[in-house]
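Accompanying notes for the structure given below.
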Amino acid sequence: MDVVFFGGALFFLFIASLHYLLFLVYQNPVVPRVARYSLYLTLAAQTGFFIDRFIRGGVPLGTNMYESLMFFSWCIIIAYLLITTRYKVPVVGAFVIPISFILMAAAAFLPDKGIAELSPALKSYWLPIHVSLSFMGDALFAMAFGSGVMYLIQERQLKRKRPGAFYYRLPSLEILDAINYRALSIGFPLLTLGIITGSIWAQYAWGAYWSWDPKETWSLITWFIFAALLHTRLTIGWRGRKAAILVIIGFSAVLFTFFGVNLLLSGLHSYN
Amino acid sequence: MDILIVGLSHKTAPVEVREKISFAGDSLSEGLKALISCPHVSEALIVSTCNRVEIYSCIMKNSIDAAHEEIAAFLSQFHDVPRDQLDPHLYMMSGEEAVRHAFRVSSSLDSMMVGEPQILGQVKDAYNSATHEQVTGNILNRLLHKSFSVAKRIRTETRIATSAVSISFAAVELARKIFGDLAGKTIMLIGAGEMAELSARHLLANGVEHIMVANRTFEKAEALAEEFMGSAVPLEEIENHLDMADIVISSTGAPTTLIDRKMVQGVIRRRKHRPMFFIDIAVPRDIEPAVNQVENVYAYDIDDLEEVVKANIKTREKEAARAEEIVTQEVKQFHDWMLSRDVFPTIVTLKEWAEDVRRSELEKTMKRMEDLSEADRKRIEAMTEAILNKILHRPIVRIKRASHSPDGSKLLEAIREIFGLED
């Protein structure tokens, strides 16, 4: 069953990404509608996958790279839908949903080890809490990243005074900056809670709140980047281009924490 | 039935001719009444704008020339313009060409400024006047409703009308790209050039709420501020008020720059880096070009705005090509509908005519053969029916097929011509 759910999710997410990208070129209002419904179907299939695994295995999400990628992808879609209920700019989807698709596609290349056997130390309710808080925070940073990239493109066009194709398609700087800030102001507390719940769980599982495991270190670095971003924004009003650049750096740190640490460095957080 | 459009536009007639034959107010309803009394015109509509006067009409097939003549004569008499002054400017379109023209006009593809939004409203008004006078029927109703939906489709599916093609609108559009919603924003108007004032007016109409006016002569600033319901600022003190302005429009006659980079750097810090948009319409310039390099500040001079307008016009032209494709699709559909309307009546009249021939010939023959038995009569009658059905079967099948073929209307016309069928 889970193979069917995975395949379905991958397929619909491909359709959704494709249509969001097409919307950059075609004005036709049917295009974003198709994209949105494909997103709903993707979510349904992904949710089906997790429920199926949970019922059969009894272990909640994110116990191996394969599942984590998929869960990350799920969170990004939720974050996108959450933010666009307030800011109705489907064009943002072109810069965010493909990230979600790439994560799913990466999962497709990984061997699915099936339902993982968790070491008894890790079996705890803190697992789903820690994992979902952290990934949801990361997903909102992905959203901020997408709007940051768009901001830089639009800003460049306005500064150069030569309207290119993107000038017409991208929303206003103010909206892009607002999305950036909103995603951050929800994402940052989630990341903070993710780190706190993680350290509580670590105390139960490994007997220490903090052990400078590479993942912990990199999460802290990420946390500091976003903290600096929020701080400069609120105190000296760093917004717009500087905020967009910092968000891009911050999201790169998120990706390194997720991929780099798991693939390059070994530590307590490594899967397998 | 066919659609005929007779008229002239900015493409064929100079304004002196257009103004002479335009319809306005009462003359429009009088004109419609006079038109519908023309013997060959069964439905009518007059579109009269400053760029075009067009008569849309529904006429019998094969009466195009007669109807054209009637309409041209009507225009000439109604406006008291001699035919030799009118005819060289008139164009005439019928059938598919007329449908295409109607769609293109409503979608603003035939306008002087492609994509301008007024024409659709003008055609709607023209249609309302015509329905008010009850001079439209099935065909024109359908044609006009379809024109409106085609125009709407083009508006949503292409960017034909989304980019500004005048300097003052380009300024509004840029402000929107920077600030999004303009509600609650403040502008500062420095100096009082006509173009600057126009831009300010457009911005106010688009949601900007507060305005400050600065001028070398303070009284002038006060007068203008009062007009806009804003506040006046002495020219020497603009620096102190600049941090409140989101948009600055400048057009003084000053020989040197009023606002330089250093000043703006200070202002933007006081604004906590909230973006600013400077529009410099003055020549020589009031705002130092280097202001554009300040973070979160966008400074455009008159040449920059003109470049934006040029780029927008190019985009519109590209989009117009896409719009034409949509028109072509829709014309095809409408044409199919028109044909299918003609197919059924053609079949019926063909059958009726044949049946008339059969009956009258049968009667003649029977009168001379009174000694036939009832059974033989029946047999002969059945034979004539069979002959008729066999002969008509093929043409009828082909007529039905005509409604799906591109040359369908020609085929229908040919059939009517060959058999001498009248509408």
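Chains as they are written, first to last, in this note's numbering: chain A, 86 to 357; chain B, 18 to 440.
Note that the Cβ used here is the ideal one computed from N, Cα and C, for glycine as well.
Everything numeric in this text was worked out from a predicted model, so none of it was measured.
- For alanine 200 of chain B and aspartate 263 of chain B, the gap between their C-alpha atoms comes out near 11 Å.
- Two segments are said to touch when three or more pairs of C-beta atoms, one from each, lie closer than 8 Å; by this definition the stretch 86-100 of chain B does not touch the stretch 327-342 of chain A.
- Against chain B, the beta carbon of isoleucine 260 of chain A has neighbours under 7 Å at Gly197, listed in chain order.
- Collapsing the DSSP output to three states places alanine 193 of chain A in a helix.
- Interface residue (Cβ-Cβ distance to chain B less than 8 Å): serine 232 of chain A is not classified as such.
- Contact between isoleucine 207 of chain B and serine 267 of chain B is confirmed by a C-beta separation of about 4 Å, below the 8 Å threshold.
- Of all residues in the stretch 106-127 of chain A, those with a C-beta nearer than 7 Å to a C-beta of chain B are Gln112, Asn113 and Pro114, reading in chain order.
- About 6 Å separates the Cβ atoms of serine 74 of chain B and alanine 84 of chain B, confirming a contact at the 8 Å cut-off.
- Between serine 248 of chain B and methionine 229 of chain B a beta carbon distance of about 5 Å is seen, short of the 8 Å cut, so the two are scored as contacting.
- Just measuring C-alpha positions, the residue of B:Val311, B:Leu221, B:Lys169 and B:Ala209 sitting nearest phenylalanine 235 of chain B is B:Ala209.
- DSSP, reduced to helix, strand and coil, places phenylalanine 294 of chain B within a strand of the structure shown.
- Per DSSP, asparagine 68 of chain B lies in no beta strand (DSSP E) segment and is marked neither H nor E.
- Residue pairing by DSSP puts aspartate 19 of chain B in a beta bridge opposite B:Ile76.
- Ranking A:Lys244, A:Phe251, A:Gln239 and A:Arg245 by CA distance to the CA of arginine 176 of chain B puts A:Phe251 first.
- Secondary structure at valine 110 of chain A: coil, using DSSP grouped into helix, strand and coil.
- Following the DSSP letters along the chain, one finds histidine 227 of chain B inside the beta strand (DSSP E) bounded by residues 227-232.
- Per DSSP, alanine 392 of chain B is one residue of the alpha helix (DSSP H) stretching across 391-419.
- Isoleucine 264 of chain B: member of the beta strand (DSSP E) spanning 264-267, first to last residue.
- Closer than 7 Å at the C-beta level to chain B, one finds no residue of the stretch 163-181 of chain A.
- When DSSP states are grouped into helix, strand and coil, alanine 61 of chain B belongs to the strand group.
- Going by beta carbons, tyrosine 172 of chain A and isoleucine 264 of chain A fall inside the 8 Å limit.
- Taking every protein chain shown into account, the CB of glycine 292 of chain A has fewer than 16 other CB atoms within 10 angstroms, so this residue is exposed.
- Taking CB atoms only, threonine 175 of chain B has a neighbour in chain A less than 8 Å away.
- Boundaries for methionine 129 of chain B: no beta strand (DSSP E) harbours it, and the DSSP string shows neither H nor E there.
- Cβ proximity to chain A below 8 Å picks out Leu191, Arg193, Lys194, Ile195, Phe196, Gly197 and Asp198 from the stretch 187-215 of chain B.
- Looking at the backbone, the Cα of glycine 279 of chain A and that of threonine 302 of chain A are separated by about 14 Å.
- Counting only the Cα atoms, glutamate 60 of chain B lies some 5 Å from threonine 153 of chain B.
- When DSSP reads this structure, threonine 203 of chain B sits in a beta bridge with B:His227.
- Between the stretch 60-70 of chain B and the stretch 131-146 of chain B, the count of Cβ pairs shorter than 8 Å is three or higher; the stretches touch.
- For alanine 249 of chain B, the pairing in a beta bridge is given by DSSP as B:Val230.
- DSSP places isoleucine 136 of chain B in the helix class (H, G or I) of the three-state scheme.
- For leucine 275 of chain A, the secondary structure class from DSSP, reduced to helix, strand or coil, is helix.
- Between the stretch 120-130 of chain B and the stretch 155-174 of chain B there are three or more C-beta pairs closer than 8 Å, enough to call the two in contact.
- Closer than 8 Å to the CB of glycine 322 of chain A there is at least one CB belonging to chain B.
- By the criterion of a C-beta distance shorter than 6 Å, leucine 379 of chain B is surrounded in its chain by Thr401, once the five residues flanking it on both sides are discounted.
- Per DSSP, methionine 86 of chain A lies in no alpha helix (DSSP H) segment and is marked neither H nor E.
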